[in-house]
Amino acid sequence: MSTEESPKMLYLSRSDIAAVGGAEAELYVRALHAGLVAHAEGKTVQPLKPYLRAAGTDGHIADRIIAMPAHVGEPGLSGIKWIGSKHDNPVRRGRERASAVIVLNDPESNYPVAVLEGSLISAWRTAGVTCLAARHLARAGFTDVALVGCGVIGRTQLTALLQQFEHIVTVHLYDQQPSAAHDVAAQISGEFPAVKAQVASTAEEAVRAGDLVVPCTVTSRPYIPFAWLKRGALLCNVSIMDVHKDVFLGADKVVVDDWEQSNREKKIINQLVLEGSFSRERLHAELGEILSGAKPGRENDDEIIVLNPMGMAVEDIACAGEVYERAKNQGVGTWLDLY
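Residue numbers 12 to 350, in the numbering used here, belong to the letters of the sequence shown in order.
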């Protein structure tokens, strides 16, 4: 095959992705809205994601590699995120806990058309989901955000929320390593001087103060009971295992990104289903149903609402597709010959 006929792929590094807006919330909020509505309307294909755990059941809950394939839209784009995580990467190796690559495929030929660094997209799309949820499920004009866990995911969540919601007055920060919480407080004070950053002495202190509560930890043991949540709170259960069962049972509404993805892997919802105390019928909605208008979001200021976002390949591929299109249009990235 001649050089002219050789298929090519666009490689996008983390800095390339940031250069086209991939380190700001707006790109993700826009792409996620379209992707989640498409998912609610049945315009996506998303197999259940397999978990590769080399250490088996003896390993840490955060030690895994996950394959996340999806097709989004009509004709749309296909792709897969391959995301690895080791809980001790920061301490033992001086690296971020998670790393990822995303491969995009042209659905007409199924040839790969792009390879993207995936951890930046992964962190920001997770934050984008929280922003969309806050628009529809948080109390209007909410002022206080509680963040438990001040790592990369937590920092990104907070930055995205502050970019999207100018009415936030105070952020309440807690981390088992106080220095991490103080580092985030200093970052927020520098980037958003109008926002007050308070470091809490306990997780309970932070959670009780939050109109919007965002746990971003690697815990395998729940520690947030329903009693900690004030009336009108929205809890975005980003790290999945942080809340006790009574939070799901006591909440006025429980929302997920995808029911099938949430009801597996012995996560809290899956445990409740197996026990017979929760079901698809008790679920209020998938988030895409709320974004499309098929189901209502928050209906009064007193509701306690829980979003349980397992994280979907649909979200990654929708966002990576937006990054890819922007990069092509702006001439960003490196073209690689496939052969």
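For every residue, glycine included, the Cβ atom is placed at its ideal position computed from N, Cα and C.
Discussion item. Using a Cβ distance threshold of 8 Å, determine whether the segment 203 to 211 contacts the segment 225 to 238, with at least three qualifying pairs required.
Written reply: Verdict: no, contact absent.
Discussion item. Does residue 226 come out as helix, strand or coil in the three-state DSSP assignment?
Written reply: Here residue 226 corresponds to residue number 215 of the sequence shown, with the count starting at 1. Residue 226 falls in the strand class under three-state DSSP.
Discussion item. Can you find the residues in the same chain that come closer than 6 Å, C-beta to C-beta, to residue 95, ignoring five residues on each side of it along the sequence?
Written reply: Numbered from its first residue, the sequence shown carries residue 95 at position 84. Result list for residue 95: 76 and 110, in chain order.
Fill in: DSSP three-state assignment for residue 47, whether helix, strand or coil
Here residue 47 refers to the residue found at position 36 when the sequence shown is read from its first residue. Note: residue 47 maps to helix in three-state DSSP.
Worksheet item: By how many angstroms is the C-alpha of residue 196 removed from the C-alpha of residue 69?
Response: The residue you call residue 69 lines up with position 58 of the sequence shown. The residue you call residue 196 lines up with position 185 of the sequence shown. Using only the alpha carbons, I get a separation of about 36 Å.
Fill in: Euclidean distance between Cα positions of residue 172 and residue 141
Locating residue 172 in the sequence shown gives position 161, counting from the first residue. Locating residue 141 in the sequence shown gives position 130, counting from the first residue. C-alpha separation (whole angstroms): 8 Å.
Item to complete: Throw me the rounded Cβ distance for the residue 309 and residue 150 pair, which I believe falls under 8 Å.
Response: As a first step, residue 309 must be located in the sequence shown, where it is residue number 298. As a first step, residue 150 must be located in the sequence shown, where it is residue number 139. The Cβ separation is near 7 Å, so the contact holds.
Worksheet item: Can residue 268 and residue 297 be called in contact, C-beta distance under 9 Å?
Response: Residue 268 sits at position 257 when you count from the first residue of the sequence shown. Residue 297 sits at position 286 when you count from the first residue of the sequence shown. The Cβ atoms of residue 268 and residue 297 lie closer than 9 Å to each other.
Worksheet item: Nearest CA to the CA of residue 332: which residue from 34, 117 and 61?
Response: Along the sequence shown, one-based indexing puts residue 332 at 321. When only C-alpha atoms are compared, the closest one is 117.
Discussion item. Strictly by DSSP, which residues pair up with residue 128?
Written reply: Counting from one through the sequence shown, the residue named residue 128 turns up at place 117. DSSP lists 112 as partners of residue 128.
Practice prompt. Kindly indicate the opening and closing residues of the alpha helix (DSSP H) around residue 261.
Written response: Taking the sequence shown and counting its residues from 1, the one referred to as residue 261 is at position 250. It spans 256 to 261 - the alpha helix (DSSP H) in which residue 261 sits, taken as one unbroken run.
Practice prompt. Give the straight-line distance between the Cα atoms of residue 114 and residue 241, rounded to the nearest whole angstrom.
Written response: Along the sequence shown, one-based indexing puts residue 114 at 103. Along the sequence shown, one-based indexing puts residue 241 at 230. A direct Cα-Cα distance of roughly 42 Å separates residue 114 from residue 241.
Item to complete: Along the beta strand (DSSP E) that carries residue 335, what are the first and last residues, could you check?
Response: Counting from 1 along the sequence shown, the entry for residue 335 is found at position 324. Per DSSP, residue 335 lies in no beta strand (DSSP E); the unbroken alpha helix (DSSP H) holding it starts and ends at 324 to 341.
Worksheet item: Beta carbon of residue 154, beta carbon of residue 253: below 9 Å?
Response: Within the sequence shown, numbered from 1, the residue matching residue 154 stands at position 143. Within the sequence shown, numbered from 1, the residue matching residue 253 stands at position 242. No, the pair does not count as a contact, with Cβ atoms beyond the cut-off.
Discussion item. Helix, strand or coil, according to DSSP, for residue 39 in the structure here?
Written reply: As a first step, residue 39 is located in the sequence shown; it is residue number 28 there, counting from the start. In the structure shown, residue 39 sits in a helix (DSSP, three-state: H, G or I).
Worksheet item: Hey, quick one: how far does the beta strand (DSSP E) through residue 80 stretch, first residue to last?
Response: Indexing the sequence shown from 1 puts residue 80 at position 69. Residue range 75 to 83 is occupied by the beta strand (DSSP E) that includes residue 80.
Worksheet item: Is the segment 336 to 348 touching the segment 52 to 69 in the sense that three or more CB pairs, one from each, lie closer than 8 Å?
Response: No, the segment 52 to 69 is not in contact with the segment 336 to 348.
Fill in: Cα-Cα separation between residue 183 and residue 132, rounded to whole angstroms
Residue mapping note: residue 183 aligns to position 172 of the sequence shown, counting from 1. Residue mapping note: residue 132 aligns to position 121 of the sequence shown, counting from 1. Approximately 25 Å, taken between the alpha carbons.
Worksheet item: Per DSSP, what kind of secondary structure is residue 186 in: helix, strand or coil?
Response: Against the sequence shown, residue 186 aligns to sequence position 175. For residue 186, the secondary structure class from DSSP, reduced to helix, strand or coil, is coil.
Discussion item. Do residue 279 and residue 315 count as a contact pair if the criterion is CB distance below 9 Å?
Written reply: The residue you call residue 315 lines up with position 304 of the sequence shown. The residue you call residue 279 lines up with position 268 of the sequence shown. The answer is no: Cβ separation not under 9 Å.
Worksheet item: Is the distance from the Cβ of residue 80 to the Cβ of residue 58 below 9 Å?
Response: As a working mapping, residue 80 is identified with position 69 in the sequence shown. As a working mapping, residue 58 is identified with position 47 in the sequence shown. When the beta-carbon positions are compared, residue 80 and residue 58 come within less than 9 Å of each other.
Practice prompt. Measure from the alpha carbon of residue 43 to the alpha carbon of each residue in 83, 338, 305 and 24, then state which is nearest.
Written response: By 1-based counting over the sequence shown, the position of residue 43 is 32. Here the closest residue by C-alpha is 83.
Item to complete: Could you tell me the boundaries of the beta strand (DSSP E) in which residue 90 lies?
Response: Against the sequence shown, residue 90 aligns to sequence position 79. 88 to 96 is the span of the beta strand (DSSP E), which, as asked, contains residue 90.
Discussion item. According to DSSP, residue 59 sits in a beta bridge with which residue or residues?
Written reply: Reading the sequence shown from its first residue, position 48 is the one you call residue 59. According to DSSP, residue 59 bridges with nothing at all.
Fill in: Cut-off 7 Å between Cβ atoms - residues of its own chain near residue 122, not counting five sequence neighbours on either side
Working through the sequence shown from its first residue, we reach residue 122 at position 111. Result list for residue 122: 18 and 116, in chain order.
Worksheet item: In this structure, does DSSP put residue 267 in helix, strand or coil?
Response: Numbered from 1 along the sequence shown, position 256 holds the residue referred to as residue 267. The DSSP-derived three-state label of residue 267 is strand.
Fill in: DSSP-derived helix/strand/coil call for residue 307
Stepping through the sequence shown from its first residue, residue 307 is reached at position 296. If DSSP states are grouped into helix, strand and coil, residue 307 belongs with coil.
Practice prompt. Output the distance between the C-alpha atoms of residue 106 and residue 74, rounded to the nearest integer angstrom.
Written response: As a first step, residue 106 must be located in the sequence shown, where it is residue number 95. As a first step, residue 74 must be located in the sequence shown, where it is residue number 63. Taking the straight line from one Cα to the other gives about 14 Å.
Practice prompt. List the whole-angstrom C-beta distance separating residue 325 from residue 55, where the pair is believed to meet the contact cut-off of C-beta under 8 Å.
Written response: As a first step, residue 325 must be located in the sequence shown, where it is residue number 314. As a first step, residue 55 must be located in the sequence shown, where it is residue number 44. With 8 Å as the limit, residue 325 and residue 55 qualify as a contact, their Cβ atoms being about 5 Å apart.
Practice prompt. Would you mind listing the beta strand (DSSP E) stretches within the segment 133 to 175 that are 3+ residues and don't spill past its ends, in chain order?
Written response: Fully enclosed beta strand (DSSP E) runs of no fewer than 3 residues occupy 155 to 159 of the segment 133 to 175, in order along the chain.
Discussion item. What does the Cβ neighbour count give for residue 226, buried or exposed, with the cut at 16 atoms within 10 Å?
Written reply: Translated into the one-based positions of the sequence shown, residue 226 becomes position 215. Burial call: buried.
Worksheet entry | Member of 52, 194, 159 and 305 whose CA lies at the smallest distance from the CA of residue 217 | Sequence index remark: in the sequence shown, residue 217 carries index 206 (1-based). The residue from 52, 194, 159 and 305 with its alpha-carbon nearest to that of residue 217 is 159.
Fill in: Nearest-angstrom Cα separation, counted from residue 22 out to residue 339
Locating residue 339 in the sequence shown gives position 328, counting from the first residue. Locating residue 22 in the sequence shown gives position 11, counting from the first residue. A straight-line Cα-Cα distance of about 11 Å links residue 339 and residue 22.
Fill in: Distance between beta carbons of residue 20 and residue 124, contact taken as under 8 Å
Numbered from its first residue, the sequence shown carries residue 124 at position 113. Numbered from its first residue, the sequence shown carries residue 20 at position 9. Correct: roughly 6 Å between the Cβ atoms.
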